[in-house]
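Everything on this sheet refers to the single structure shown next.
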């Protein structure tokens with residue numbers, strides 16, 4: 008049963024993310040989406056990665072981490088909304104505030120379910136989520152202020168929301184893996200001379216990859 012519920016959730020979020028990113032990148036409204044969804048190579052890659060990630064996450068969360076369905080759904084929501092964020096950031100070096108807001112609204116809804124199903128631990132969980140958000144968000148805010156052009160304000164907002172989804176240690180894992188992925192990509196781009204030291208690299212895709220790795224390994 009848990010597999011079916013998570014698969015349905017994944018399908019809905021993948022569809023939403025695909026439609027939103029297509030419309031956003033073409034500056035079209037959702038009502039104009041029909042003519043904007045034709046498959047190109049980049050879009051096929053997007054959908055393939057989203058589906059494969061969904062299958063891997065559902066298997067790992069349900070088989071190895073034995074999370075409650077609300078916890079699995081919380082992490083799946085985060086990952087699948089990171090996909091359109093990564094796609095848009097890759098193309099435009101921008102993280103849309105609307106997607107951050109959608110993540111926040113979904114987090115509030117899921118927290119309500121958590122409160123109703125696990126009332127005895129809700130104070131502990133709330134404290135963990137808030138500390139996670141303030142810690143990782145504050146860390147990247149300091150980076151933004153101290154190291155110019157190291158991260159953008161969108162990255163700060165996104166990591167703050169990630170803290171709300173994963174709590175302190177889950178968010179720290181995501182930060183560490185995201186930085187590691189970013190470093191590997193940067194070295195590869197410099198080695199192949201695709202970019203030089205002055206070029207700006209989108210942080211959205213490494214955040215997505217790092218978060219997926221962190222969740223698969225830790226279940227947080």
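Residue numbers (our numbering): 8 to 227.
We put the CB at the ideal spot given by N, CA and C, even for glycine.
Here residue 31 is buried: its Cβ has 16 or more other Cβ atoms, across all protein chains shown, within 10 Å. When 94, 33 and 63 are compared, the shortest CA-CA separation from residue 53 is found for 94. Cβ-Cβ distances below 7 Å link residue 147 to 158, 162, 163 and 166 in the same chain, with the five nearest sequence neighbours on each side left out; the list follows chain order.
By alpha-carbon distance to residue 89, the top candidate from 28, 153, 189 and 198 is 28. Per the C-alpha coordinates, the member of 103, 35, 111 and 151 positioned closest to residue 173 is 111. The beta carbons of residue 217 and residue 187 sit about 7 Å from each other, so the pair counts as a contact at 8 Å.
The three-state reading of DSSP puts residue 103 in coil, since its state is none of H, G, I, E or B. Apart from the 5 residues on each side of it in sequence, residue 160 sits with its Cβ closer than 8 Å to the Cβ of 151 in its chain, given in chain order. Counting only residues of its own chain and dropping the five nearest sequence neighbours on each side, residue 178 has a CB closer than 6 Å to the CB of 139, 143, 169 and 170. Considering only 156, 23 and 197, the residue with the shortest C-alpha distance to residue 210 is 156. Under the three-state reduction of DSSP, residue 210 is assigned to coil, being neither helix nor strand. Approximately 16 Å separates the beta-carbon atoms of residue 17 and residue 72; this is outside 8 Å, ruling out the contact. For the pair residue 80 and residue 117, the CB atoms are nearer than the 8 Å cut-off. If you draw a straight line from the Cα of residue 23 to the Cα of residue 207, it is about 28 Å long. Here residue 107 has 164, 165 and 168 as same chain residues with Cβ atoms under 7 Å from its own Cβ, once five neighbours each way along the sequence are excluded. If you draw a straight line from the Cα of residue 56 to the Cα of residue 10, it comes to about 19 Å. At least 8 Å separates the beta-carbon of residue 153 from that of residue 120. In the three-state scheme derived from DSSP, where H, G and I count as helix and E and B as strand, residue 180 is classed as helix. Within the same chain, 67 come within 6 Å of residue 223 by CB-CB distance, once the 5 residues on both sides are set aside. Contact between residue 83 and residue 13 holds, with the beta-carbon distance rounding to 6 Å and staying under 8 Å. For residue 55, the enclosing alpha helix (DSSP H) has its first and last residue at 48-66.
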